[in-house]
Structures are given as C-alpha cells and as structure tokens.
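Residue numbers (my numbering): 2 to 261.
Heads up, the beta-carbon is just placed ideally off N, CA and C, and yes, glycines get one too.
First the structure, in the form of structure tokens, and then the observations on it.
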C-alpha cells in the first residue's frame with residue numbers, strides 16, 4: 002500500500018532525499034546529459050525521490066537545532082549525490098583521453114567538434130568512442146545499475162548520517178588517475194603501434210628516396226592507417242566498455258566508502 006501523506010517532519014526528510022537524488026541526476030552519465038531538458042531531469046528526480054521515500058527510507062524526523070543545521074544537512078546530501086554521480090560520469094573521460102591521443106597520432110588533433118553531452122569541444126575520435134560507450138551503456142542497462150546504486154546508498158548512508166573522509170576520497174581520485182592512464186593507453190595501443198611502424202617505414206623511405214616529400218605522403222597515410230585500424234578494432238569496444246563500467250563501479254564504491 003502506497004501512502005502519500007506527508008507531515009511536516011516527513012516532508013523535511015523527503016526534501017533531503019530529493020536533494021541527494023537531484024544532485025545525482027544532474028551529474029550522472031545518461032541522466033545528466035546537457036541536451037536533456039532540465040524540466041525532465043527535475044521531474045525524474047522528484048519521481049525517483051517519491052519512490053525512494055515510500056519503499057526504502059524509514060520515515061523518521063530529522064534532528065537539528067535550527068535552520069543553519071538543516072542547511073548543513075542539505076549541503077551534505079547534495080555533496081553526496083554529486084560525488085556519486087561524478088564518480089560514474091568522470092569515467093567517460095577515459096575514452097576522451099584516448100581519443101585525444103589517437104587524434105594526435107593520426108593527425109586529426111586540429112579537427113575539433115562540439116560535444117552536446119559535455120557541452121565542450123572534443124576530438125573526433127574521442128567523440129565517436131564516447132557515443133559508442135554511451136550506446137553500450139544503454140544496451141547493457143548500466144544506467145539502471147548506477148541509479149540503483151545511488152538508491153542503495155541509503156542503506157549505509159542514511160540522511161544526516163554522512164561523514165566525509167577527505168583523505169580516502171583523495172586516495173580514490175589518485176587511484177582513478179592511475180586507472181585512467183592504464184585503460185586509456187590500452188585503448189590507444191593498437192593505433193599507436195601501427196603508427197609507430199608507419200613512421201619507421203617513412204623514415205627509411207626518406208633516406209632511400211630523399212626526393213620524395215614524405216611529409217605530405219605521411220599525413221595522408223597516417224589518416225588512412227589510423228581509420229583502418231579503428232575500423233578493424235571496432236569489435237573490441239564491448240571489452241573497452243566492460244573495463245570502463247568496472248571502473249565506474251569501483252570508483253562509486255570507493256567514493257561511498259569515503260562518506261561513512
């Protein structure tokens with residue numbers, strides 16, 4: 002049986018739930034895309050908050066001394082939602098990082114396109130990989146997992162029960178930076194190896210036939226070889242997506258551990 006009756010105390014509790022869920026929705030991948038209407042985000046956050054209020058959260062009055070303490074609770078709930086959403090969203094920077102390195106290798110670093118998801122300009126390769134990873138996220142229902150994850154945080158991070166361990170959060174970010182480099186260079190490695198071999202061949206040809214303009218020839222060959230390797234390795238994207246999704250889960254767990 003669903004009970005939508007609110008008292009003054011339970012309504013205060015519901016507002017704190019809404020703050021955490023709304024902060025998460027406006028930052029998390031897929032849910033917080035910039036090309037999604039803000040009214041839709043707000044309505045979705047309210048809808049999810051009502052479901053969480055009815056099914057998961059015990060309706061207990063908050064204990065605070067005044068408006069200032071209540072505002073502190075709201076800020077803590079907002080930071081918690083932002084950190085959980087940020088932990089999932091920042092993992093998309095792995096493919097953007099790889100795309101920038103690929104563009105520098107094949108000569109497309111100067112070609113920048115506008116990314117409406119991140120509201121910034123990014124390289125062509127990184128933008129393509131980012132859309133592929135987002136598509137695989139939807140197909141694999143990873144967006145359901147991250148939404149369920151923020152709901153499950155109420156079991157270990159109840160309202161007004163958050164204690165930030167900033168040292169642990171900093172360590173989590175350092176761990177992520179290391180994983181970003183490792184996963185990013187693994188994505189780039191096939192193209193990097195082929196371009197390195199091509200550079201060696203062009204260097205040998207420049208010595209053997211100095212009358213040929215290897216600079217103009219090499220620019221075209223790098224683009225063709227780079228796009229060819231990207232086409233041949235497109236079947237590895239599910240494995241790349243699995244690695245990124247595992248990193249999302251790992252980072253979300255580390256951030257939640259730093260808040261209790």
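For residue 168, name the three-state secondary structure that DSSP assigns.
-> helix
Per-residue burial, residue 219 [other beta carbons within 10 Å of its own, 16 or more giving buried] = buried
Since residue 226 contacts residue 201 with CB under 8 Å, what's their CB separation in whole angstroms?
-> That pair is no contact at about 13 Å.
Does DSSP put residue 113 in a helix, a strand or coil?
-> strand
Quick one: using the 10 Å Cβ neighbour count with 16 as the cut-off for buried, is residue 2 buried or exposed?
-> Because residue 2 carries a pLDDT of 49, less than 50, the predicted location of this residue cannot be relied on, and the following value inherits that uncertainty. Flag for residue 2 reads exposed.
Over what stretch of residues does the alpha helix (DSSP H) that includes residue 231 continue unbroken?
-> 215-233
Which one of 207, 30, 241, 126 has the shortest CA to CA distance from residue 83?
-> 30
Let me know if residue 157 comes out buried or exposed under the rule of 16 or more other beta-carbons within 10 Å of its beta-carbon.
-> exposed
Out of 145, 169, 92, 112, which has the shortest C-alpha to C-alpha gap to residue 131?
-> 92
Secondary structure at residue 123, three-state DSSP: helix, strand or coil?
-> strand
Inside the region 153-211 only - beta strand (DSSP E) runs reaching at least 3 residues | none
For residue 35, count neighbouring Cβ atoms within 10 angstroms of its own Cβ and tell me buried if that reaches 16, exposed if not.
-> exposed
At least three beta-carbon pairs within less than 8 Å, the region 11-23 to the region 38-53 | yes
What do you get for residue 150, buried or exposed, if any count of 16 or more other CB atoms within 10 angstroms of its CB means buried?
-> buried
Measure how close the beta-carbons of residue 198 and residue 230 come, nearest whole angstrom, since I'm counting them as under 8 Å.
-> 11 Å between Cβ atoms; not a contact.
Return the CA-CA distance between residue 13 and residue 52, expressed in angstroms with no decimal places.
-> 16 Å
Looking at the structure shown, is residue 14 part of a helix, part of a strand, or coil, going by DSSP?
-> helix
Run the CB neighbour count on residue 217, radius 10 Å, all protein chains shown included, and call it buried at 16 or more, exposed below.
-> exposed
Residue 210: buried (16+ other C-beta within 10 angstroms of its C-beta) or exposed?
-> exposed
Whole angstroms is fine: what's the gap from residue 64's alpha carbon to residue 169's?
-> 27 Å
Validate contact between the region 70-89 and the region 162-180 using beta carbons, cut 8 Å, 3 pairs | yes
So, are the CB atoms of residue 94 and residue 181 less than 8 Å apart?
-> yes
Could you please give the first and the last residue of the uninterrupted alpha helix (DSSP H) stretch that includes residue 87?
-> 68-90
Residue 248 burial status per 10 Å Cβ neighbour count (16 or more: buried) = buried
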